[in-house]
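*Asks:*
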Amino acid sequence: MKALGIAATGMMAQQTNVDVISNNIANANTTGYKTARASFTDLVYENLSREGAVTAEEGNTRPVGLDVGLGVQAVGTVRLNTQGGLVQTQNQLDMAIDGRGYFTVNLPDGDQAYTRDGSFRLSAEGQVVNGSGYEIDPGVVLPANTTKIEISDTGIVSAFVDNDPVPVEIGQLTLATFVNDAGMRPLGDNLLQATVASGDAIPSLPGDEGVGILRQGYLESSNVDIVRQITDLIQAQRAYEMNSKAISTADEMMSAANQIR
Amino acid sequence: MDNSTYVALSQLTALERQLDVTANNIANANSTGFKAERVLFESYLNPDSTDVTGEGTSYLIDRGSYLDDRSGVVLQTGNPLDMALSGAGWFAYELEDGQQAFGRDGNFVLDPQGRVVTTSGAQVLDAGGAPLALPPALAATVAISGDGVISSQQGGVLGQIGIFALPDRQSLGRAGGGMFVPEDGTAQLAPDDTGTEVIQGALEASNVQAVSEVTRLIDIQQAYQHALNLISSEDDLKKEMLSRIGQTS
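In order, the protein sequences belong to chains E and D. Per our numbering, the very first residue in the first sequence carries number 1285; after that it's consecutive. Per our numbering, the very first residue in the second sequence carries number 87; after that it's consecutive.
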């Protein structure tokens, strides 16, 4: 009786499902967070008798085989890369990406990470850094006595210095795009890292074809749909209960068999 | 001699198999595009046991398993490359070993080369039977029409997802990962002509029906208990017989 093991894989899959759903709910207010969804497929099958096997000399073949599946497996978590809502913040260093693309930041260990979280700040040296203090790449340094910053849709950063009415152009922000966004590895802190599966970052300018534009003074909220998450949670719980029902049925059947005499 | 015990035993073995299949259906209640499996029971008449009544003894054997072909519920996901099929058509994939497989799992992503693949890495075939690839820059904004034509926002046609007819789908073996493989490795890629529609931004959920699977669990358990009762009655009968024979002698 394999039902015990099969139902156990089902219970483990639903545990993974609940983990992913609760992480989505926990991040419902995280800037730039993308909803993840656990993806499941059936595990291997035991072919007890093969389809198409010859059953008689006249060439008759078996129309159906006997396939017993051995459970379920989680194949991955797929991020839902739809646009989150844009929330106005009035903060001049807040940027939302409207469309595809990621900001690039330099990690302390020399690697680069990518983020949709555009809530940038200034370091003590006037560099534009993210919430963890990692510098944006390519770096932008504000001149001393900057009174106001303007960031265009296409990523040109201009600063108004002192009382000069003419702005100075101090940098150009770029966006990185990936062939397979879903293949990026989440690092926490709203950061993602490129992997073999995602392909290398393709540097582009905001507003290029297929690349988003920047919105200064806005942040991208998470794309978590709470109603959807709660209904998924209910489904996951019921599926978990069904699997435990299969286990208790198998258990009671074996117990009954043991009590024949 | 012991026919009734063996008849009950044949039922017990078949019911254990059915429990395994039902447990697998329940475990896959959340697997995208999963089709439930059903077992097929047949009676097996033993022609040699015609000694008493001339009617023989029927045993139960589990002849095979077949596919529950109903469609699953279509769930909106919003991902532009997620596709659900509404109708009888199937997607075709090419596995890592070059084998062709079929399935209804439309949870697609792009690999670094821009090819459309499933989450377990199988390549998706286009209407001509070749691996489907999309320009990466446009993949996030493509529109997919009902007949599977993929076009960019500017209206240029980028490809067509393959939707195929599977008239002999009960003869396909199951390979896990939502894949159904033909016995000889290569399938006839016959285009679907039943008007199957692609629904973009949605996935077909598993077609496992919670209520019927749990009801089936109860049925299996009760049938199992009945078969066990038959064995123990037979056992009591024999015990009784032996003790009476012992008394008369």
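In this text, a Cβ means the ideal position worked out from N, Cα and C, and glycines have one as well. Please read all numbers here as calculations on a predicted model, not as lab measurements.
1. Can you tell me where the alpha helix (DSSP H) with residue 1510/E in it begins and where it stops?
2. Using 10 angstroms around the beta-carbon of residue 1392/E, count the other beta-carbons present and answer buried if the total reaches 16, otherwise exposed.
3. Quick check: residue 1448/E and residue 1429/E, are their CB atoms within less than 7 Å of each other?
4. So with Cβ pairs under 7 Å, would you call residue 1433/E a contact of chain D?
5. Inspect the beta-carbon positions of residue 189/D and residue 262/D and report whether they are closer than 7 Å.
6. Interface residues of chain D around residue 1468/E at Cβ under 7 Å?
7. Are residue 107/D and residue 125/D closer than 7 Å when you measure CB to CB?
8. Does the pairing of the region 1318-1327 of chain E with the region 103-123 of chain D give three or more beta-carbon distances under 8 Å?
9. Of all the alpha helix (DSSP H) runs that stay within the bounds of the region 1354-1391 of chain E, which reach a length of 4 or more residues?
10. Going residue by residue through the region 165-249 of chain D, where are the continuous alpha helix (DSSP H) segments of at least 4 residues, counting only ones entirely within it?
11. Does the Cβ-Cβ distance between residue 1288/E and residue 1544/E come in under 7 Å?
12. Need the endpoints of the beta strand (DSSP E) that residue 1442/E sits in, please.
13. What does DSSP give as the partner residues of residue 1405/E in its beta bridges?
14. Quick check on the burial criterion: 16 or more other C-beta atoms within 10 angstroms. Buried or exposed for residue 274/D?
15. I'd like to check one pair, residue 284/D with residue 230/D: are the Cβ atoms closer than 7 Å?
16. Where does residue 1326/E fall in DSSP's three states?
17. Mind checking the region 206-221 of chain D against chain E and listing, in chain order, the residues whose C-beta falls within less than 8 Å of any C-beta there?
18. Run through DSSP, which three-state label would residue 1429/E get?
19. Which bits of chain C does residue 1316/E rub up against, with CB to CB less than 8 Å?
20. Please determine if the region 1432-1445 of chain E and the region 1498-1505 of chain E are in contact, where contact requires at least 3 C-beta pairs separated by less than 8 Å.
21. Check the Cβ of residue 229/D against every Cβ in chain E and list those closer than 7 Å, keeping chain order.
22. Against chain D, with Cβ distances strictly below 7 Å, would residue 1510/E count as a contact?
23. Would you kindly report the start and end of the unbroken alpha helix (DSSP H) that includes residue 1292/E?
24. Please state whether DSSP places residue 100/D in a helix, a strand or coil.
25. Measure from the C-beta of residue 120/D to each C-beta in chain E and report whether the shortest distance is under 7 Å.
26. Name, going along the chain, the residues of the region 1512-1524 of chain E whose beta-carbon falls closer than 8 Å to a beta-carbon of chain D.
27. So, helix, strand or coil for residue 1399/E, using DSSP?
28. At a CB-CB cut-off below 9 Å, which residues of chain D make contact with residue 1387/E?
29. Taking 7 Å as the CB-CB cut-off, is residue 276/D touching chain E?
30. Rounded to whole angstroms, how far is the Cβ of residue 311/D from the Cβ of residue 1540/E, which I believe are closer than 8 Å?
31. Residue 162/D bridges to which residues according to DSSP?
32. Provide the residue(s) that pair with residue 265/D in DSSP beta bridges, ordered along the chain.
33. For the beta strand (DSSP E) holding residue 275/D, just list the boundary residues, first then last.
34. Using C-beta distances below 8 Å, list every residue in its chain close to residue 224/D, excluding the 5 sequence neighbours before and after it, in chain order.
35. Which residues, taken in chain order from the region 1358-1390 of chain E, show a beta carbon closer than 8 Å to some beta carbon of chain D?
36. Look at the alpha carbon of residue 150/D and the alpha carbon of residue 123/D, and state the distance between them as a whole number of angstroms.
*Replies:* With the structure as the only source:
1. Numbered from 1 along the first sequence, position 226 holds the residue referred to as residue 1510/E. 1510-1542 is the span of the alpha helix (DSSP H), which, as asked, contains residue 1510/E.
2. Stepping through the first sequence from its first residue, residue 1392/E is reached at position 108. The residue in question, residue 1392/E, is exposed, as its Cβ has fewer than 16 Cβ neighbours within 10 Å.
3. The sequence position of residue 1448/E within the first sequence is 164, counting from 1. The sequence position of residue 1429/E within the first sequence is 145, counting from 1. No, the Cβ-Cβ distance between residue 1448/E and residue 1429/E is not below 7 Å.
4. Taking the first sequence and counting its residues from 1, the one referred to as residue 1433/E is at position 149. No, no contact with chain D.
5. As a working mapping, residue 189/D is identified with position 103 in the second sequence. As a working mapping, residue 262/D is identified with position 176 in the second sequence. Contact: no.
6. Within the first sequence, numbered from 1, the residue matching residue 1468/E stands at position 184. Under the 7 Å cutoff, chain D gives no residues; its nearest Cβ is about 11 Å from residue 1468/E.
7. Walking along the second sequence from the start, residue 107/D turns up at place 21. Walking along the second sequence from the start, residue 125/D turns up at place 39. In this structure, residue 125/D lies closer than 7 Å to residue 107/D by Cβ.
8. yes
9. none
10. 222-225
11. Here residue 1288/E refers to the residue found at position 4 of the first sequence. Here residue 1544/E refers to the residue found at position 260 of the first sequence. Contact: no.
12. As a first step, residue 1442/E must be located in the first sequence, where it is residue number 158. Note, residue 1442/E: beta strand (DSSP E), 1440-1445.
13. By 1-based counting over the first sequence, the position of residue 1405/E is 121. DSSP output for residue 1405/E lists 1413/E as bridge partner(s).
14. On the second sequence, residue 274/D is found 188 positions in, with the first residue counted as 1. Label assigned to residue 274/D: exposed.
15. Here residue 230/D refers to the residue found at position 144 of the second sequence. Here residue 284/D refers to the residue found at position 198 of the second sequence. For residue 230/D and residue 284/D, yes; Cβs fall inside 7 Å.
16. As a position in the first sequence, residue 1326/E is number 42, starting the count at 1. Correct three-state label for residue 1326/E: strand.
17. 206
18. Here residue 1429/E refers to the residue found at position 145 of the first sequence. Three-state result, residue 1429/E: coil.
19. No chain C appears in the structure shown, which is made up of the protein chains E and D.
20. yes
21. Taking the first residue of the second sequence as 1, we reach residue 229/D at position 143. Residues of chain E passing the Cβ test: none, with the nearest at roughly 14 Å.
22. Counting from 1 along the first sequence, the entry for residue 1510/E is found at position 226. No, because no Cβ of chain D sits closer than 7 Å to the Cβ of residue 1510/E.
23. Taking the first residue of the first sequence as 1, we reach residue 1292/E at position 8. Here the alpha helix (DSSP H) through residue 1292/E covers 1287-1310.
24. As a first step, residue 100/D must be located in the second sequence, where it is residue number 14. If DSSP states are grouped into helix, strand and coil, residue 100/D belongs with the helices.
25. In the second sequence, the residue the question calls residue 120/D occupies position 34. It does; some Cβ of chain E falls within 7 Å.
26. 1519, 1520, 1522 and 1523
27. Position 115 of the first sequence, counted from the first residue, corresponds to residue 1399/E. If DSSP states are grouped into helix, strand and coil, residue 1399/E belongs with the strands.
28. Locating residue 1387/E in the first sequence gives position 103, counting from the first residue. Ordered by position in chain D, no residue passes the 9 Å Cβ test against residue 1387/E, which lies about 17 Å from the chain.
29. As a working note, residue 276/D is residue 190 in the second sequence. Not one chain E Cβ lies under 7 Å of residue 276/D.
30. Locating residue 311/D in the second sequence gives position 225, counting from the first residue. Locating residue 1540/E in the first sequence gives position 256, counting from the first residue. Going by Cβ atoms, the distance from residue 311/D to residue 1540/E rounds to 6 Å, so yes, they are a contact pair.
31. Here residue 162/D is taken as the residue at index 76 of the second sequence, counted from 1. Partner(s): 288/D.
32. On the second sequence, residue 265/D is found 179 positions in, with the first residue counted as 1. Answer is 262/D, bridged to residue 265/D.
33. As a position in the second sequence, residue 275/D is number 189, starting the count at 1. That residue, residue 275/D, is in no beta strand (DSSP E); it is neither H nor E in DSSP.
34. Translated into positions along the second sequence, residue 224/D becomes position 138. Taken in chain order, the residues that qualify are 238, 239 and 244.
35. 1359, 1360, 1362, 1364, 1365, 1366 and 1384
36. The residue given as residue 150/D occupies position 64 in the second sequence. The residue given as residue 123/D occupies position 37 in the second sequence. The alpha-carbon atoms of residue 150/D and residue 123/D are separated by roughly 10 Å.
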